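Under this note's numbering, the first residue of the sequence shown carries the number 478, and numbering increases by one thereafter. Where is the CB? At the ideal position from N, CA and C, for every residue including glycine. None of the values given here were measured: they were computed from a predicted structure.
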Amino acid sequence: MTMPRSSRLLAVLAAGAALLLPAATLAASKVRVGLMLPYTGTYAGLGNNITNGFKLFVEENGGKLGGSEVEYFTVDDESDPAKAPDNASKLIKRDKVDVLVGTVHSGVAMAMAKVARDNNSLLINPNAGAAELTGALCSPNHFRTSFTMWQSSHTMGKVAAAQGKKTAVTFTWGYAAGNEAVEAFKEGFEAAGGKVVKAMTLPFPQVEFQSYLTEIAALKPDMVFSFFSGGGARKYLADYAAAGLKAKIPLYGPGFLTEGVLDGSEAAQGVQTTLHYADGLDNAKDKAFRAAYLKAFKAEPDVFSVQGYDAAQLLAAGLAAVKGDTSKRKEMIAAMEGARLESPRGKMSLSKAHNPVNDIYLRKVEGKLNKMVNVAAPALADPARGCKM
Ligand code: BEZ
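Structural data, given as structure tokens:
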């Protein structure tokens with residue numbers, strides 16, 4: 478078939494113009510990834526490990542995600558909910574990112590999710606566990622590669638009751654993540670015959686634990702259930718032991734309490750936690766992941782590294798399906814929903830609300846490790862209360 482003269486002229490002009498364009502413009506455009514995570518404050522270690530996990534996956538794939546080169550835009554969200562709308566808006570409007578990846582703190586994540594919703598932005602959440610994010614705030618544009626607080630804490634309620642504990646004091650930072658951890662623990666514990674005799678909170682990110690520990694000693698419960706994480710958890714474990722409580726009142730929690738903070742010291746030994754990751758998992762993917770992470774960062778990975786790695790894997794699946802054309806949002810979302818990720822945590826799929834369905838492990842601190850004890854809740858899905866999608 479011969480081309481009409483006008484089309485031939487256009488084709489010649491287009492070819493000529495292409496020759497004049499710089500090579501970078503001609504290459505497939507890069508995917509712009511906005512990392513909004515804490516790099517300072519009590520959750521800095523978590524933000525860094527999520528970033529490392531994400532970048533490890535990219536490096537393992539030749540610096541690309543689903544065939545597209547990656548350009549990073551990074552914001553330290555300081556785990557400060559008040560700064561979150563501004564931080565998220567800057568990444569979307571100023572940096573024009575194709576996807577937001579964040580964050581750790583549930584209060585920040587909820588503000589971020591609202592900005593993402595208002596701007597129709599794709600958001601991958603590699604940590605924050607508030608139920609609302611895959612509950613009432615759920616959205617086709619939001620994916621979580623981590624957990625809800627309910628998954629680990631409800632499981633721990635059942636585990637502690639099965640171990641014969643009858644009374645518990647709960648103690649946490651009083652914000653969404655801590656409050657939901659405690660509610661879920663209570664739900665599981667009391668349904669199995671236990672009783673929460675006192676619920677105590679202190680504001681995030683305060684770490685003046687002493688007066689609360691004195692009260693716990695006086696109450697003499699069978700156990701304490703606590704959510705703290707990062708730098709705050711490290712200090713809490715040390716203070717709990719220093720107050721002489723460790724030998725008398727066993728400490729339990731969701732795995733964040735002992736994740737990424739173990740230095741082998743006596744303070745944390747024997748603490749039992751529940752989480753979707755553990756040391757000593759018997760799967761080939763985890764072994765390869767841990768070796769590669771250690772080589773790249775000269776440090777052992779933790780659950781936060783895994784969640785960052787899986788966020789990158791999930792995004793890669795979406796980008797591969799649209800050959801990097803992020804304007805094909807519907808196709809991209811469909812590919813992410815159907816992705817079968819090989820996660821270091823073991824088997825994982827995504828629920829209809831875009832939250833991981835995975836095993837919850839019981840772990841016990843031994844040396845510097847959160848040693849896997851058993852699978853406490855196989856293939857556990859969050860109830861996704863309030864999600865209409
Ligand atoms: C949260 O705020 O959702 C959170 C923070 C640290 C560890 C786990 C959850």
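Can you look up residue i in the DSSP assignment and give me helix, strand or coil?
i    : result
Q640 : coil
R806 : helix
Q687 : helix
G732 : helix
Y770 : helix
F550 : strand
V581 : coil
L857 : strand
I726 : coil
A500 : Low per-residue confidence applies at A500: pLDDT is 39, beneath 50, and the placement is therefore not dependable, though the value from the model is reported in the following sentence. Of the three classes helix, strand and coil, the one that applies to A500 here is helix, per DSSP.
A816 : coil
F704 : strand
Y520 : coil
V508 : strand
V799 : coil
A607 : coil
R822 : coil
E664 : helix
A613 : coil
G721 : coil
K775 : coil
F531 : helix
K712 : helix
L791 : helix
Going by DSSP, which residues form a beta bridge with residue i?
i    : result
Y838 : L752 and V852
R862 : Beta-bridge pairing links R862 to no other residue.
E843 : L846
M589 : Answer is none; M589 lacks a bridge partner.
P833 : L827
W650 : L679
V738 : Per DSSP, none; premise fails for V738.
M513 : V552
H619 : L600
S545 : L542
A645 : V673 and M700
V576 : V510 and L599
Relative to ligand 1, is the shortest distance from any of its heavy atoms to the C-beta of residue i smaller than 6 Å?
i    : result
V738 : no
V868 : This structure cannot settle anything about residue 868, because the visible part of the chain is limited to 478 through 866.
S706 : yes
F733 : yes
A797 : no
G606 : yes
A654 : yes
With a threshold of 6 Å, establish whether the CB of residue i neighbours any heavy atom of ligand 2.
i    : result
Q790 : Ligand 2 is absent from the structure shown, which contains only ligand 1.
The segment 616 to 636 / the segment 679 to 691 touching (three or more Cβ pairs under 8 Å): Under the 8 Å Cβ criterion, the segment 616 to 636 does not count as touching the segment 679 to 691, having fewer than three qualifying pairs.
The segment 589 to 604 / the segment 562 to 574 touching (three or more Cβ pairs under 8 Å): Verdict: yes, contact present.
The segment 505 to 518 in contact with the segment 540 to 558 per 3-pair CB rule at 8 Å: They touch, by the three-pair rule.
Sufficient close CB pairs (3 or more, under 8 Å) joining the segment 747 to 761 to the segment 847 to 861: In the pairwise beta carbon analysis, the segment 747 to 761 is classified as touching the segment 847 to 861: at least three pairs are separated by under 8 Å.
Meets three-Cβ-pair contact criterion under 8 Å: the segment 799 to 809 and the segment 781 to 789: Flag = no, the segment 799 to 809 and the segment 781 to 789 do not touch.
The segment 706 to 714 contacting the segment 515 to 530, beta-carbon criterion three pairs below 8 Å: Touching, yes, given that three or more Cβ pairs across the two stretches are closer than 8 Å.
Touch test, the segment 692 to 702 against the segment 645 to 652, Cβ-Cβ under 8 Å, three pairs minimum: In this structure the segment 692 to 702 touches the segment 645 to 652; the number of beta carbon pairs closer than 8 Å is three or more.
The segment 765 to 785 / the segment 522 to 537 touching (three or more Cβ pairs under 8 Å): Counting Cβ pairs under 8 Å, three or more are found: they touch.
Three or more C-beta pairs below 8 Å linking the segment 619 to 627 and the segment 823 to 843: Contact annotation: the segment 619 to 627 touches the segment 823 to 843, with at least three C-beta pairs closer than 8 Å.
The segment 714 to 722 contacting the segment 605 to 616, beta-carbon criterion three pairs below 8 Å: Contact between the segment 714 to 722 and the segment 605 to 616 is absent: fewer than 3 CB-CB pairs across the two stretches fall below 8 Å.
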